[in-house]
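Structure first, then comments.
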Amino acid sequence: MIELVAAFQPPLAVDLGALTDLNFLIGVVGVTAGIYTIFALGLQLNVGYTGIVNFGQAGFMAVGAYAMGILVVKTGLSFWVAMPLAIVIAVAFGLLVGLPSLRLRADYLAIVTIAAAEIVRVLAQNARDLTGGNQGLSCSPDFVCYDDAWRDIEDGALDWVEGLGWADPEPLFPLFVVVWVTALVVMALLYLAQRTPWGRVLRAVREDEDAARALGKNSFAYKLQSLGISAALAAIAGFYLALNVASISPKEFEPLFTFIGYGVLVLGGLANYWGVAIGSLIMWTLIGGTRQIDLPITDEQQAALRFIIVGVALILLMAFRPQGMFGKREEMVLGD
Amino acid sequence: MATEAAAGAILEVRDVVKRFGGIQAVDGASFEVADGSITALIGPNGAGKTTLFNVVTGFYPGDRGSVVLQGRQVFRQPPHRIARLGMVRTFQITKALARMPVIDNMTLAAPDQPGERLRNVVLRPAATRRREREVREGAIELLEMFDLTRVADAYAGTLSGGQRKLLELRARAHDRAAAADARRAHGRDQPDPRHAAARVHAAAAQ
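In order, the protein sequence lines correspond to chains G and U.
Going by the working numbering, the first sequence opens with residue 4, and the numbers climb by one from there.
Going by the working numbering, the second sequence opens with residue -5, and the numbers climb by one from there.
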């Protein structure tokens, strides 16, 4: 009886201290939200600005991450050469998926892209010689790891900030900086591109492909470009994901990753690049923050409860701001 | 013989056939459109008028036949290529680009904007900007002419049905020649209303 009372003592003990903790802010929210921002910026270009329902973004990310990892670990290529090559491979894969499927109606395109992503993931699970299967890919037998080059930079950066007087710096701080600098640069570039005549044609394709064609625009070519750029961004997000987890494994690239990316889009608002960053930060504060809840329940119950809380929070946000944080309400109403 | 007859024709359609499975939608249609004329295609529901339009403008690949636009064979060409050769069309259901401002609907229709290629945005920014200024000026002039200046920055989707149809016509009448004709029709230079009217009506012919 006493035990029972004791067990119910803390009704809802969220350790607020943890929320201001640097490890939480930089490691859990910062790095992850930054990676999702880069990932979802590609989705924003596709969904918000071109009208392509791309459900295969996690697959493009997998192709980028695995291509980089395999090139470094299996062929001994430098990390710096492997990255641009991996981007090229991911874009080529994006175009390969897009060429036959971008002619389809939006809902069929969604099915084809999610199937392509699953093919990549299942292939990675089973092509063990190349990818390490479910064990993941990190180092070769003679200990050449894909993140060697990055670890050197990271150590140097940590020493440097320690020298500046930050005793015991957060280990993920260098990655945090690089990820967010990348995210901001990509955001700025996309924002500028959207304001050009090229961006105007993209939006016309989103509104009505046939009308764009009747005006002399090659709608298909624009959709292909949009998907290619998005695949490149997914690959970059994949590199950072690989550096964050220290081993590239198939479970990182489940369709859930794409769906949370869509959650980020809806939260931030469609057709707005800055909203992607805000949506991603909100999403990961919610997902990361609910992990800090300390209740007398089993881990399984807590895992379920976390997503209930995240779901309720998202419903509330949508109820009070259906166009997302930065979306334009007019655009939502006018959409068909 | 066809080329002889086509001397005064800007569009020449010969023996166009289009089948959907077992349905013969268009069975050997031929007609010509003379320069500066208003030509109507009439027929009962289901006669194949829209199908013929779609074959002529490239939206459907025809099975057989020939479509010559200003002396060039465009049969079975993709729609955007035919459009660039000067084919202007509207749709039965108005296709204004709802979630774009009216001014963007106008500027979008202008041909020869190098900045519509991503490569040129980076490599030829000056040419892009220069063309963009021209295009914008032309668009604003056209909007003024048709009393749409007030709504230039509004979403096209907020316009009334009639305004939207106007916008669709204007957007598609927006090439330099047409704009010049329209200006003349408006009474600034030598008035020649037939010219502008013909272009606009040809666009509306469907």
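The beta carbon of each residue, even a glycine, is placed where N, CA and C say it ideally should be.
Given a cut-off of 8 Å, decide if residue j and residue i are closer than it, judged by their beta-carbon atoms.
i, j, result
"LEU236 of chain G", "VAL189 of chain G", "yes"
"ALA207 of chain G", "ALA217 of chain G", "no"
"GLU333 of chain G", "ARG124 of chain G", "no"
"THR261 of chain G", "ALA120 of chain G", "yes"
"ARG403 of chain G", "GLY30 of chain G", "Because chain G here runs from 4 to 339, residue 403 of chain G falls outside it and cannot be looked at."
"VAL66 of chain G", "ALA274 of chain G", "no"
"MET81 of chain U", "THR101 of chain U", "no"
"PHE96 of chain G", "ALA234 of chain G", "yes"
"GLY139 of chain G", "GLN128 of chain G", "no"
"GLY264 of chain G", "ALA113 of chain G", "no"
"SER81 of chain G", "SER250 of chain G", "no"
"ASN114 of chain U", "PRO105 of chain U", "no"
"TRP201 of chain G", "ARG75 of chain U", "no"
"ILE285 of chain G", "LEU268 of chain G", "no"
"VAL275 of chain U", "ASP57 of chain U", "Residue 275 of chain U lies beyond the residue range present for chain U, which begins at -5 and ends at 200; the question has no answer from this structure."
"ALA36 of chain G", "PHE242 of chain G", "no"
"MET64 of chain G", "LEU244 of chain G", "yes"
"TYR111 of chain G", "SER283 of chain G", "no"
"ALA90 of chain U", "GLU135 of chain U", "no"
"LEU337 of chain G", "GLY151 of chain U", "yes"
"GLN305 of chain G", "ILE296 of chain G", "yes"
"GLU173 of chain G", "ASN26 of chain G", "yes"
Please check if any C-beta of chain G sits within less than 8 Å of the C-beta of residue i.
i, result
"GLU110 of chain U", "yes"
"GLY151 of chain U", "yes"
"ARG78 of chain U", "yes"
"ARG18 of chain U", "Residue 18 of chain U is actually Gln in this sequence, not Arg. It does not; no Cβ of chain G falls within 8 Å."
"ILE4 of chain U", "no"
"LYS12 of chain U", "no"
"PRO55 of chain U", "no"
"VAL7 of chain U", "no"
"ARG93 of chain U", "yes"
"ASP98 of chain U", "yes"
"GLU128 of chain U", "no"
"ALA103 of chain U", "yes"
"PRO73 of chain U", "yes"
"THR122 of chain U", "yes"
"LYS89 of chain U", "yes"
"GLN157 of chain U", "no"
"ARG66 of chain U", "no"
"GLN86 of chain U", "no"
"THR33 of chain U", "no"
"ARG83 of chain U", "yes"
"VAL27 of chain U", "no"
For chain U, find out if any of its Cβ atoms is closer than 8 Å to the Cβ of residue i; answer yes or no.
i, result
"ALA109 of chain G", "no"
"LEU218 of chain G", "yes"
"GLN228 of chain G", "yes"
"LEU337 of chain G", "yes"
"THR53 of chain G", "no"
"GLU303 of chain G", "no"
"THR199 of chain G", "yes"
"ASN275 of chain G", "no"
"ASP155 of chain G", "no"
"ALA214 of chain G", "yes"
"GLU334 of chain G", "yes"
"GLU165 of chain G", "no"
"GLU121 of chain G", "no"
"ASN49 of chain G", "no"
Does the CB of residue i have a neighbour CB from chain B at under 8 Å?
i, result
"VAL204 of chain G", "Included in the structure are the protein chains G and U, with no chain B among them."
What is the residue span of the alpha helix (DSSP H) that residue i lies within?
i, result
"SER229 of chain G", "222 to 248"
"THR41 of chain G", "Checking the displayed sequence, the identity of residue 41 of chain G turns out to be Ile instead of Thr. Taken as a continuous stretch (DSSP letters only), the alpha helix (DSSP H) holding ILE41 of chain G covers 35 to 46."
"GLY159 of chain G", "151 to 166"
"TYR194 of chain G", "176 to 197"
"VAL145 of chain U", "Taken as a continuous stretch (DSSP letters only), VAL145 of chain U belongs to no alpha helix (DSSP H), as it is neither H nor E."
"PRO172 of chain G", "First-last for PRO172 of chain G: undefined, no H or E at that position."
"ALA130 of chain G", "Counting along the chain, ALA130 of chain G falls outside any alpha helix (DSSP H), and DSSP gives it neither H nor E."
"ARG324 of chain G", "Unbroken run through ARG324 of chain G: none, as it is neither H nor E."
"ASP211 of chain G", "Careful: ASP211 of chain G lies outside any alpha helix (DSSP H) and carries neither H nor E."
"GLY336 of chain G", "Correcting the residue type first, residue 336 of chain G is Val in the shown sequence and not Gly. First-last of the alpha helix (DSSP H) with VAL336 of chain G: 332 to 337."
Please name the residue or residues paired with residue i in a DSSP beta bridge.
i, result
"LEU140 of chain G", "G:ILE251"
Just to confirm, does residue i get its C-beta within under 7 Å of one of the non-hydrogen atoms of the ligand PLP?
i, result
"TRP287 of chain G", "You won't find the ligand PLP in this model; it holds no ligand whatsoever."
TODO: Pick out the complete alpha helix (DSSP H) segments inside the segment 59 to 137 of chain U, 4 residues or longer, and give them in chain order.
DONE: 73 to 78, 96 to 102, 112 to 117
TODO: Would you mind listing the alpha helix (DSSP H) stretches within the segment 256 to 308 of chain G that are 4+ residues and don't spill past its ends, in chain order?
DONE: 258 to 271, 276 to 292
Open item on the list: My parser needs the alpha helix (DSSP H) runs of 4 or more residues fully inside the segment 63 to 121 of chain G; what are they?
Closed with: 82 to 104
TODO: Jot down the residue ranges of each uninterrupted beta strand (DSSP E) in the segment 0 to 69 of chain U, minimum 3 residues, whole runs only, in chain order.
DONE: 3 to 14, 17 to 28, 58 to 63
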